[in-house]
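For reference, the structure is listed below as structure tokens.
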Amino acid sequence: MMERRHCKAIIEWDKDKDPSKFSLNEWLRDIVVIFGEVVGKTIHGDAWTVLVRVKEVVDESHTYADVTFVVDEAPWHLLEPGFSFKLWAGREIAGVTIL
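In this note's numbering, the protein residues as written are 25 to 123.
Here you go:
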């Protein structure tokens, strides 16, 4: 995979996700960031696919990770330090804060 511009982040995973089961330094796929809301199964707003690479497990629900958008047309300015958003993979799975 081509190396993409990425940002460092801390991720708080939902209680049913065990971050120690993720492979370190491998990009997790099929995750989206939704800018808007989900009503039922319909997305109202924009959604962008992201890649997440877990770098270090902090505790039973937090990891340090790299986050990058898949396409260059994505809103890169949203990956500025301090920005937070939710990760989705069929449902909400985690909260991300850009470091």
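For glycine and all other residues, C-beta sits at the position ideal for the given N, C-alpha and C. As the structure is a computational prediction, the values presented were derived from the model and not from experiment.
Per-residue burial, residue i [other beta carbons within 10 Å of its own, 16 or more giving buried]
| i | result |
| --- | --- |
| residue 87 | buried |
| residue 107 | exposed |
| residue 103 | buried |
| residue 105 | exposed |
| residue 53 | exposed |
Residue i (DSSP reduced to helix, strand or coil)
| i | result |
| --- | --- |
| residue 45 | helix |
| residue 33 | strand |
| residue 119 | strand |
Terminal residues of the beta strand (DSSP E) in which residue i lies
| i | result |
| --- | --- |
| residue 8 | The structure shown does not extend to residue 8, since the chain is modelled only from 25 to 123, so the question has no answer here. |
Cut-off 8 Å between Cβ atoms - residues of its own chain near residue i, not counting five sequence neighbours on either side
| i | result |
| --- | --- |
| residue 119 | 35, 36, 108, 109, 110 and 111 |
| residue 44 | 81 and 84 |
Next item on the list: Let me know the beta strand (DSSP E) ranges lying completely inside the segment 50-110, each 3 residues or longer, listed in chain order.
Entry: 51-63, 66-81 and 86-93
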